[in-house]
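J.: Numbering (our numbering), first residue to last: 1298 to 1580. C-beta atoms are modelled at their ideal positions from N, C-alpha and C, and glycine is treated no differently. Here the structure is a predicted model, which is why all the values come from computation and not from measurement. Here it is: the structure, laid out below.
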Ligand code: ATP
Ligand code: ZN
């Protein structure tokens, strides 16, 4: 049995639960329960505040956890990270009042900066050779400048609308974060084996999410051009169609290249292009 801690309710919760389910692990979760056991994998899930997860994993109260890198690094345990998970991407940025002049981070020398991330910000400023006064506050950091508590803030930014609403302007990215799987560093051999199985499944899920299965028909004369556009995992599967001079081609394309490639496929004569999601992709 291995014990995984995830955020009870917040921005990480739904994606964490979805990832576990997509790994083929079934469990019953209810909003009031703080732990649950999977029915088809030796896994126990704990639902905790995200800020507590790195410490619990470090101490071995939980074997594994899913948490943002921002929280992990701030807690001082970056070495626990074993796998990036690709969701909850966000950045930690410095922001100043909208009409404040700002040319570089050196302008923050001697200033007051409010943040919930004194560790990460302190290390960043030290690296830039800037000395500032950091005021640690745990929430509503964005209002600090407008009420005269600080000259600048350092906080998580996603859309920037919260900053705008508080008369602030983002001036510098300090740290980029995404959700990661973390693990205690003294796992038993049995737990290490379960972790390896989980990582294998998580990687297969992530790879599948990033790729699409593509099927199309092409005239034999364009086959070389089509193949050049679709390298596939090994090489595309090509089968003849009942109609003379045509083939069906099947392959896998990366989501990032998808629109670009389908446009080019049409241009070289491909027809009837079908694109399907992939459920799991094992390398
Ligand atoms: P808790 O009450 O559990 O302490 P919280 O308020 O600290 O929750 P959330 O706002 O739920 O945390 O965010 C959890 C994590 O999600 C953050 O630590 C960060 O890694 C990530 N995150 C925060 N804001 C965003 C965003 N706008 N977009 C994507 N990910 C984000
Ligand atoms: Zn939190």
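Please say whether residue 1548 and residue 1560 have beta carbons closer to each other than 8 Å?
T.: The sequence position of residue 1560 within the chain shown is 263, counting from 1. The sequence position of residue 1548 within the chain shown is 251, counting from 1. No. Outside cutoff.
J.: Would the beta-carbon of residue 1463 fall within 8 Å of that of residue 1440?
T.: For the purposes of this step, residue 1463 is taken as the residue at position 166 of the chain shown. For the purposes of this step, residue 1440 is taken as the residue at position 143 of the chain shown. Yes, the pair counts as a contact, with Cβ atoms nearer than the cut-off.
J.: Would you say the beta carbon of residue 1300 is closer than 7 Å to some non-hydrogen atom of the ligand ZN?
T.: As a working note, residue 1300 is residue 3 in the chain shown. Because no heavy atom of the ligand ZN lies under 7 Å away, the Cβ of residue 1300 does not count as near it: no.
J.: Alpha carbon to alpha carbon, how far is residue 1518 from residue 1452? Give it in angstroms, no decimals.
T.: The residue given as residue 1452 occupies position 155 in the chain shown. The residue given as residue 1518 occupies position 221 in the chain shown. Cα to Cα, the separation comes out at about 56 Å.
J.: Quick one: grab the DSSP three-state call for residue 1353.
T.: The count along the chain shown starts at 1 and reaches residue 1353 at position 56. Residue state, collapsed to three classes: helix.
J.: For the ligand ZN, I want to know if residue 1347 counts as a neighbour, meaning its beta carbon is within less than 7 Å of at least one of the ligand's heavy atoms.
T.: By 1-based counting over the chain shown, the position of residue 1347 is 50. Because some heavy atom of the ligand ZN lies under 7 Å away, the Cβ of residue 1347 counts as near it: yes.
J.: For residue 1452, list the residues DSSP reports as bridge partners.
T.: Residue mapping note: residue 1452 aligns to position 155 of the chain shown, counting from 1. DSSP lists 1390 as partners of residue 1452.
J.: Since residue 1340 sits in a beta bridge, which residues does DSSP pair it with?
T.: Position 43 of the chain shown, counted from the first residue, corresponds to residue 1340. Answer is 1299.
J.: Bridge partners for residue 1381 per DSSP, in chain order?
T.: Within the chain shown, numbered from 1, the residue matching residue 1381 stands at position 84. According to DSSP, which records beta bridges pairwise, residue 1381 is partnered with 1477.
J.: According to DSSP, is residue 1528 helix, strand or coil?
T.: The residue you call residue 1528 lines up with position 231 of the chain shown. Here residue 1528 sits in coil by DSSP.
J.: Assign residue 1298 to buried or exposed, taking buried as 16 or more other Cβ atoms, counted over all protein chains shown, within 10 Å of its Cβ.
T.: Locating residue 1298 in the chain shown gives position 1, counting from the first residue. Exposed is the call here.
J.: Please report the Cβ distance between residue 1369 and residue 1378, rounded to the nearest whole angstrom; I am assuming they are in contact, meaning their Cβ atoms lie under 8 Å.
T.: Counted from its first residue, the chain shown places residue 1369 at position 72. Counted from its first residue, the chain shown places residue 1378 at position 81. So it is a contact: roughly 6 Å between Cβ atoms.
J.: Starting from residue 1572, trace the beta strand (DSSP E) both ways and give me its first and last residue.
T.: Position 275 of the chain shown, counted from the start, is the residue given in the question as residue 1572. It spans 1568-1574 - the beta strand (DSSP E) in which residue 1572 sits, taken as one unbroken run.
J.: What distance in whole Å lies between the Cβ atoms of residue 1527 and residue 1546, which are believed to be in contact at a cut-off of 8 Å?
T.: The sequence position of residue 1546 within the chain shown is 249, counting from 1. The sequence position of residue 1527 within the chain shown is 230, counting from 1. 7 Å between Cβ atoms; contact.
J.: Does the ligand ATP have even one heavy atom less than 7 Å from the beta-carbon of residue 1563?
T.: Within the chain shown, the letter at position 266 stands for residue 1563. Residue 1563: no, Cβ never under 7 Å from the ligand ATP.
J.: Unbroken alpha helix (DSSP H) runs of length 4 or more, entirely within the segment 1458-1508: which are they?
T.: The qualifying runs are 1458-1462, 1486-1507.
J.: Where do the ends of the beta strand (DSSP E) carrying residue 1334 lie?
T.: By one-based count along the chain shown, residue 1334 stands at place 37. Counting along the chain, the beta strand (DSSP E) containing residue 1334 begins and ends at 1332-1334.
J.: Whose C-beta lies closer than 6 Å to the C-beta of residue 1302 among residues of the same chain, with five residues either side of it excluded?
T.: To locate residue 1302, count along the chain shown from 1; it is residue 5. If we look at residue 1302 and ignore the five residues flanking it on each side, its Cβ neighbours are 1343, 1345, 1350, 1353, 1359, 1362.
J.: Going by Cα to Cα distance, which pick from 1420, 1398, 1436 is closest to residue 1429?
T.: Here residue 1429 refers to the residue found at position 132 of the chain shown. Comparing Cα positions, the closest option is 1420.
J.: With H, G and I counted as helix, E and B as strand and the rest as coil, what does DSSP make of residue 1517?
T.: For this step, residue 1517 is matched to residue 220 along the chain shown. Helix.
J.: Check whether the Cβ of residue 1352 lies closer than 7 Å to any heavy atom of the ligand ATP, and answer yes or no.
T.: On the chain shown, residue 1352 is found 55 positions in, with the first residue counted as 1. No, the ligand ATP has no heavy atom inside 7 Å of this Cβ.
J.: Could you check where the beta strand (DSSP E) with residue 1363 kicks off and where it finishes?
T.: Position 66 of the chain shown, counted from the start, is the residue given in the question as residue 1363. Start and end: 1361-1365.
J.: In chain order, what residues of the same chain lie with their CB nearer than 6 Å to the CB of residue 1384, ignoring the 5 residues before and after it?
T.: The residue given as residue 1384 occupies position 87 in the chain shown. Within the same chain, residue 1384 has close Cβ partners 1312, 1476.
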